[in-house]
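The next block holds one structure in the form of C-alpha coordinates; read it before the comments.
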Amino acid sequence: MVIVHRLTTGIVVAVTTLILQLVLSSGSQAVNEEASFETIEWVSLIPEDVLEILLNPPEYISDIEDGSADDTISSQIKNALTAASDDKYQQALVSTEVNADMNGAMVRIPGFVVPLEFNDDQTVTQFFLVPYFGACLHMPPPPPNQIILVNAAGQGIPMPDLYVPFWISGKLETTISENEIAMSAYSLEMMAHEIYDE
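In the working numbering, each residue carries its 1-based index in the sequence shown increased by 1.
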(Lines of atoms letter the chains of each structure in order from A; the text may use other names.)
(Lines give C-alpha, C1' and ligand atoms only; values in the text may rest on other atoms or scores of the structure.)
Protein backbone atom coordinates (compact mmCIF):
# COMPACT_ATOMS: atom_id res chain seq x y z
CA MET A 2 0.00 0.00 0.00
CA VAL A 3 2.85 2.39 0.88
CA ILE A 4 4.60 1.62 -2.41
CA VAL A 5 1.41 2.33 -4.38
CA HIS A 6 0.92 5.62 -2.51
CA ARG A 7 4.53 6.68 -3.16
CA LEU A 8 4.24 5.69 -6.82
CA THR A 9 0.98 7.64 -7.18
CA THR A 10 2.47 10.66 -5.46
CA GLY A 11 5.52 10.45 -7.72
CA ILE A 12 3.37 10.32 -10.85
CA VAL A 13 1.28 13.29 -9.70
CA VAL A 14 4.44 15.30 -9.00
CA ALA A 15 5.94 14.34 -12.38
CA VAL A 16 2.79 15.27 -14.31
CA THR A 17 2.40 18.54 -12.38
CA THR A 18 6.04 19.40 -13.05
CA LEU A 19 5.63 18.63 -16.77
CA ILE A 20 2.52 20.82 -17.02
CA LEU A 21 4.27 23.67 -15.21
CA GLN A 22 7.28 23.33 -17.52
CA LEU A 23 5.08 23.58 -20.60
CA VAL A 24 3.11 26.55 -19.28
CA LEU A 25 6.10 28.44 -17.92
CA SER A 26 8.46 27.79 -20.81
CA SER A 27 5.95 28.98 -23.40
CA GLY A 28 5.72 32.35 -21.63
CA SER A 29 9.45 32.73 -21.22
CA GLN A 30 10.46 31.85 -24.79
CA ALA A 31 9.11 35.10 -26.25
CA VAL A 32 11.05 37.18 -23.74
CA ASN A 33 14.26 35.20 -24.32
CA GLU A 34 14.02 35.98 -28.04
CA GLU A 35 13.92 39.73 -27.28
CA ALA A 36 16.60 39.86 -24.57
CA SER A 37 19.92 38.12 -24.22
CA PHE A 38 20.65 36.83 -20.72
CA GLU A 39 24.03 35.71 -19.42
CA THR A 40 23.72 32.49 -17.44
CA ILE A 41 25.56 32.95 -14.15
CA GLU A 42 26.24 30.90 -11.05
CA TRP A 43 25.76 32.08 -7.48
CA VAL A 44 29.51 32.37 -6.95
CA SER A 45 29.49 35.15 -9.60
CA LEU A 46 27.69 37.38 -7.09
CA ILE A 47 30.52 37.21 -4.55
CA PRO A 48 33.34 39.77 -4.95
CA GLU A 49 36.72 38.16 -5.70
CA ASP A 50 38.34 39.25 -2.43
CA VAL A 51 35.46 37.82 -0.34
CA LEU A 52 35.47 34.62 -2.41
CA GLU A 53 39.22 34.24 -1.83
CA ILE A 54 38.64 34.47 1.94
CA LEU A 55 35.84 31.87 1.80
CA LEU A 56 37.95 29.48 -0.27
CA ASN A 57 40.78 29.68 2.28
CA PRO A 58 39.13 29.25 5.68
CA PRO A 59 41.18 29.62 8.87
CA GLU A 60 42.58 26.47 10.48
CA TYR A 61 40.08 26.47 13.34
CA ILE A 62 37.31 25.63 10.84
CA SER A 63 38.86 22.20 10.22
CA ASP A 64 38.70 21.55 13.99
CA ILE A 65 34.88 21.73 13.96
CA GLU A 66 33.44 18.22 14.06
CA ASP A 67 30.93 17.41 11.29
CA GLY A 68 27.39 17.38 12.65
CA SER A 69 28.28 19.15 15.90
CA ALA A 70 26.42 22.22 17.17
CA ASP A 71 29.28 24.39 15.86
CA ASP A 72 28.77 22.91 12.37
CA THR A 73 25.39 24.56 11.78
CA ILE A 74 24.72 27.63 9.65
CA SER A 75 23.04 29.42 12.57
CA SER A 76 26.10 28.79 14.72
CA GLN A 77 28.32 30.22 11.98
CA ILE A 78 26.14 33.33 11.72
CA LYS A 79 26.19 33.77 15.50
CA ASN A 80 29.97 33.33 15.52
CA ALA A 81 30.34 35.86 12.72
CA LEU A 82 28.29 38.43 14.58
CA THR A 83 30.25 38.00 17.80
CA ALA A 84 33.69 37.51 16.24
CA ALA A 85 36.40 40.11 16.48
CA SER A 86 36.30 42.66 13.69
CA ASP A 87 39.60 41.37 12.31
CA ASP A 88 38.24 37.87 11.56
CA LYS A 89 37.74 38.29 7.83
CA TYR A 90 36.42 34.76 7.37
CA GLN A 91 33.51 35.28 9.79
CA GLN A 92 32.75 38.62 8.13
CA ALA A 93 32.72 36.97 4.69
CA LEU A 94 30.07 34.50 5.90
CA VAL A 95 27.57 37.35 6.38
CA SER A 96 28.89 39.77 3.75
CA THR A 97 26.73 42.37 2.02
CA GLU A 98 29.60 43.15 -0.37
CA VAL A 99 28.59 42.70 -4.00
CA ASN A 100 30.25 42.13 -7.35
CA ALA A 101 29.89 45.62 -8.85
CA ASP A 102 30.24 44.17 -12.37
CA MET A 103 26.82 42.53 -11.89
CA ASN A 104 25.02 45.87 -11.44
CA GLY A 105 22.71 46.33 -14.44
CA ALA A 106 23.59 42.94 -15.94
CA MET A 107 20.97 40.93 -17.82
CA VAL A 108 21.28 37.53 -16.13
CA ARG A 109 19.75 34.08 -15.93
CA ILE A 110 20.31 32.30 -12.60
CA PRO A 111 18.87 29.14 -11.03
CA GLY A 112 17.48 29.06 -7.52
CA PHE A 113 14.66 28.36 -5.12
CA VAL A 114 11.72 30.68 -4.49
CA VAL A 115 10.92 32.07 -1.03
CA PRO A 116 7.53 33.78 -1.59
CA LEU A 117 7.06 37.26 -0.08
CA GLU A 118 4.03 38.81 -1.83
CA PHE A 119 1.06 37.40 -3.77
CA ASN A 120 -1.75 38.82 -5.87
CA ASP A 121 -5.44 37.82 -5.60
CA ASP A 122 -4.84 34.76 -7.80
CA GLN A 123 -2.13 33.49 -5.42
CA THR A 124 0.50 34.29 -8.05
CA VAL A 125 3.83 35.17 -6.45
CA THR A 126 4.71 38.77 -7.35
CA GLN A 127 7.76 39.25 -5.11
CA PHE A 128 10.15 36.68 -3.69
CA PHE A 129 13.67 35.97 -2.57
CA LEU A 130 15.67 33.76 -4.92
CA VAL A 131 18.13 31.64 -2.94
CA PRO A 132 20.80 29.12 -3.98
CA TYR A 133 19.59 26.10 -1.98
CA PHE A 134 16.36 24.52 -0.81
CA GLY A 135 15.12 25.56 2.61
CA ALA A 136 17.08 28.80 2.87
CA CYS A 137 15.11 31.39 4.86
CA LEU A 138 12.37 28.83 5.59
CA HIS A 139 13.80 25.72 7.24
CA MET A 140 17.33 27.02 7.65
CA PRO A 141 18.84 30.44 8.35
CA PRO A 142 19.31 32.66 5.30
CA PRO A 143 22.53 32.63 3.29
CA PRO A 144 24.75 35.75 3.24
CA PRO A 145 22.98 38.79 1.74
CA ASN A 146 25.20 38.59 -1.34
CA GLN A 147 23.67 35.16 -1.98
CA ILE A 148 20.03 36.35 -1.86
CA ILE A 149 18.22 38.16 -4.69
CA LEU A 150 14.99 40.08 -4.12
CA VAL A 151 12.93 39.41 -7.26
CA ASN A 152 10.10 41.69 -8.36
CA ALA A 153 7.75 39.81 -10.65
CA ALA A 154 4.73 42.13 -10.60
CA GLY A 155 4.42 42.19 -14.39
CA GLN A 156 3.86 38.47 -14.77
CA GLY A 157 4.46 36.73 -11.46
CA ILE A 158 4.76 33.00 -11.16
CA PRO A 159 2.15 30.50 -10.00
CA MET A 160 2.66 29.53 -6.36
CA PRO A 161 5.51 27.10 -6.83
CA ASP A 162 6.23 23.83 -5.13
CA LEU A 163 9.00 25.04 -2.83
CA TYR A 164 11.06 21.96 -3.73
CA VAL A 165 11.20 22.97 -7.41
CA PRO A 166 14.06 25.22 -8.55
CA PHE A 167 13.53 27.83 -11.27
CA TRP A 168 15.64 29.68 -13.79
CA ILE A 169 14.94 33.38 -13.27
CA SER A 170 15.99 35.92 -15.91
CA GLY A 171 16.06 39.69 -15.74
CA LYS A 172 18.01 42.83 -14.94
CA LEU A 173 20.15 42.49 -11.80
CA GLU A 174 20.80 45.49 -9.53
CA THR A 175 23.07 45.84 -6.50
CA THR A 176 20.54 47.03 -3.93
CA ILE A 177 20.33 46.24 -0.22
CA SER A 178 16.80 45.19 0.83
CA GLU A 179 15.71 43.86 4.19
CA ASN A 180 12.54 42.44 5.70
CA GLU A 181 11.67 40.16 8.62
CA ILE A 182 12.84 37.07 6.70
CA ALA A 183 16.25 38.12 5.39
CA MET A 184 18.49 40.78 3.88
CA SER A 185 19.45 40.71 0.21
CA ALA A 186 22.29 42.56 -1.50
CA TYR A 187 20.80 42.18 -5.00
CA SER A 188 17.45 42.80 -6.64
CA LEU A 189 16.16 41.66 -10.01
CA GLU A 190 13.28 42.74 -12.24
CA MET A 191 12.08 39.40 -13.59
CA MET A 192 11.58 39.22 -17.35
CA ALA A 193 11.32 35.44 -17.72
CA HIS A 194 11.15 32.27 -15.67
CA GLU A 195 11.13 28.55 -16.27
CA ILE A 196 11.51 25.41 -14.22
CA TYR A 197 15.13 24.38 -13.75
CA ASP A 198 15.51 21.02 -15.48
CA GLU A 199 19.24 20.48 -15.77
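Even glycine gets a Cβ: it sits at the ideal position worked out from N, Cα and C.
At the C-beta level, residue 131 and residue 155 stay beyond 7 Å of one another. In this chain, residue 174 is not harboured by any alpha helix (DSSP H); it is covered by the beta strand (DSSP E) spanning 167-174.
For the pair residue 55 and residue 93, the CB atoms are nearer than the 7 Å cut-off.
Taking every protein chain shown into account, the CB of residue 164 has fewer than 16 other CB atoms within 10 angstroms, so this residue is exposed. Counting every other CB atom within 10 Å of its CB across the protein chains shown gives residue 96 a total of 16 or more, marking it as buried. Nearest to residue 171 by alpha-carbon distance, out of 133, 152 and 52, is 152.
DSSP lists 127 as the bridge partner or partners of residue 118. DSSP links residue 40 through a beta bridge to 109.
Residue pairing by DSSP places residue 142 in no beta bridge whatsoever. Residue environment: residue 146 is assigned as buried (16 or more neighbouring CB atoms within 10 Å of its CB, all protein chains considered).
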